[in-house]
Amino acid sequence: MARVVSPARRTAYGLLAASARRLTPLRVLVDAAILAAIAASVGGAMLETLPDLPEIRTWTPVLDWFAAAVFTVEFAGRVWSAPESGEPHARRAYLLSLQGAVDLIAVLPAWAALVAPVGREAFEIVGVLTLLKLARYLPALGLVGAVLRNEARPLFAAATAMAVMLVIVSTVMYVIEREAQPATFRSIPHSLWWGIVTMATVGYGDMAPVTGLGKLFGGLTMLLGVASFAVPAGILATGFAEELRRRDFVVTWNMVSRVPLFQGLDAARIAVIARLLKPQLVPAHSLIARRGDAADAMFFIASGAVEIDVAPQPVVLKTGDFFGEMALLREARRSATVIAAEETRLLVLEATDFRRLLRDHPDIGQAIERVAADRGGTPTA
Ligand code: CMP
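This is the structure in structure tokens:
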């Protein structure tokens with residue numbers, strides 16, 4: 013089936029899709045409207061519940077309707093323009109995604125209120141839920157989602173182990189305390205509340221053992237609780253570190269594979285080199301190296317340009333070029349001053365990793381040496 017080409021739909025997609033992040037003035041306006049609607053929706057829901065400010069309630073419906081109008085246009089626009097992503101069944105995929113569900117839920121109370129009275133609670137709960145829309149604007153929230161997805165299995169295993177422990181400790185405490193406190197430890201389900209509060213070491217104090225054995229067992233449960241809560245915390249901490257490392261690696265990989273010197277290398281060698289290189293963003297006009305300074309790294313230009321201050325006239329190096337190799341090869345000081353001609357993305361190769369690269373990949377080392385020999389330059393002792 014031929015793809016329908018619609019400039020209006022393409023524009024709508026460009027204005028709404030998270031992947032189409034080209035910042036036009038209209039896009040900024042659309043983002044500002046959606047963010048204002050989120051603020052109105054959340055603010056309205058929270059202000060509404062202030063008991064000392066009843067007059068605020070004359071304003072909160074205005075905030076709710078403003079938010080509902082913006083969210084309705086946004087939702088309709090997203091459904092309509094989804095096929096522009098080029099994915100198969102894009103509309104269905106959007107509607108079944110978490111973001112799609114949040115976008116739909118955000119408009120439901122207002123739509124329902126058009127046909128039947130809707131309780132304030134619906135606006136309050138949904139109003140606060142619209143905070144989840146911020147995930148499109150805050151990559152950190154996406155990171156949380158990715159970590160939870162990656163670590164779902166170990167987290168599920170830890171949660172299952174904790175649930176089993178919870179049931180066991182609650183049952184044991186019920187058996188120990190039921191005679192001394194029949195009204196408090198009424199049943200095993202009632203004791204589960206004690207189990208959760210104790211294992212989480214929160215200790216509200218509304219249910220507490222009074223027998224000696226009960227207190228001893230309660231103390232052990234607290235220690236067990238601290239140890240078992242450390243497990244999911246550890247899984248999440250390593251999950252975050254791992255995901256950040258993976259994302260950095262993907263960025264570095266893409267940058268490395270674009271450097272001509274590394275083109276033609278197989279994936280395994282690019283992976284090894286990507287681990288040695290660290291991305292660095294340098295603002296325009298900033299000093300990267302000064303003639304006469306000691307050298308501790310060389311640089312590959314992943315994007316942008318730098319100016320090498322050599323006589324008779326400066327040389328400009330661009331995307332794919334490298335510099336800073338001479339001082340490392342000659343074990344000398346920087347032969348020239350290097351300044352970023354524009355905002356530049358560099359891949360930094362530290363001196364120890366430079367020597368490792370030369371040792372493990374002699375062909376790359378020879379190519380670097382050939383370029384350095386062509387450049388000549390006066391080594392600074
Ligand atoms: P290094 O001496 O470590 O630091 C300055 C860098 O500028 C140098 O390595 C080279 O990478 C680069 N450079 C020096 N002279 C030239 C040149 N004539 N042409 C291009 N690059 C140069």
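To get this note's numbering, take the position in the sequence shown, counting from 1, and add 12. Every residue gets a Cβ at the ideal spot worked out from N, C-alpha and C, and that includes glycine.
- For Met310, the beta-bridge partners assigned by DSSP are Leu361.
- With a threshold of 6 Å, the Cβ atom of Phe311 does not count as near the ligand CMP, since no heavy atom of the ligand is closer than that.
- At a cut-off of 6 Å, the beta-carbon of Ala348 counts as near the ligand CMP: some heavy atom of the ligand is closer than that.
- Sequence-distant Cβ neighbours of Val222 in its own chain, meaning closer than 8 Å and more than five residues away, are Glu189, Ala192, Gln193.
- In this structure, Leu341 lies away from Phe335, with their beta-carbon atoms at least 7 Å apart.
- Apart from the 5 residues on each side of it in sequence, Ala45 sits with its Cβ closer than 7 Å to the Cβ of Val82 in its chain, given in chain order.
- No heavy atom of the ligand CMP is found nearer than 6 Å to the CB of Ala29.
- The Cβ-Cβ distance between Arg287 and Arg346 does not fall below 7 Å.
- Nearest to Asn162 by C-alpha distance, out of Ile247, Asp365, Tyr25, Ala175, is Ile247.
- Contact between Ile282 and Ala352 is ruled out by a C-beta separation of about 25 Å, above the 8 Å threshold.
- Out of Tyr186, Val127, Ile376, Leu141, the CA that lies nearest to the CA of Gln275 is found in Ile376.
- Distances between the C-beta of Arg387 and the heavy atoms of the ligand CMP include at least one below 6 Å.
- Judged by DSSP in its simplified three-state form, Ala317 adopts strand.
- In this structure, Ala339 has its CB closer than 6 Å to one or more heavy atoms of the ligand CMP.
- When the five nearest sequence neighbours on each side are left out, the beta carbons in the same chain lying within less than 8 Å of the beta carbon of Arg69 are those of Glu60, in order along the chain.
- Following the DSSP letters along the chain, one finds Ile68 in no alpha helix (DSSP H), marked with neither H nor E.
- Closest in C-alpha terms to Ala118, from the list Leu144, Met338, Leu358, Arg367, comes Leu144.
- Taking the Cβ atoms as the reference, Leu369 lies roughly 7 Å from Leu361, within the contact range of under 8 Å.
- Taking the Cβ atoms as the reference, Ile208 lies roughly 16 Å from Leu235, outside the contact range of under 8 Å.
- Val85 is the residue among Val85, Tyr149, Glu96, Pro100 whose C-alpha sits nearest the C-alpha of Trp123.
- The beta-bridge partner set that DSSP reports for Lys290 consists of Val360.
- In the DSSP secondary-structure assignment, Lys227 is not bridged to any residue.
- DSSP, reduced to helix, strand and coil, places Val214 outside both helices and strands of the structure shown, so it counts as coil.
- Taking non-hydrogen atoms of the ligand CMP into account, the C-beta of Val327 is found less than 6 Å away from one of them.
- The C-beta of Met58 has fewer than 16 other C-beta atoms within 10 Å across all chains shown, which makes the residue exposed.
- Going by DSSP, Val140 is part of the alpha helix (DSSP H) stretching over 132-141.
- Between Phe252 and Leu289 the beta-carbon gap is near 23 Å, outside 8 Å, which marks them as no contact.
- In the displayed model, Ala352 falls within a strand according to three-state DSSP.
- In this structure, Arg387 and Met310 do not form a Cβ contact; the two beta carbons are roughly 13 Å apart against a cut-off of 8 Å.
- Shortest gap from the CB of Val322 to any heavy atom of the ligand CMP: under 6 Å.
- Comparing C-alpha distances from Thr36 to each of Ala48, Leu47, Thr23 shows the shortest one belongs to Thr23.
- Val181 and Leu116 have their C-alpha atoms spaced approximately 42 Å apart.
- Residues of the same chain with a CB within less than 6 Å of the CB of Thr349, apart from the 5 flanking positions on each side, are Arg302, Arg303, Asp321 in chain order.
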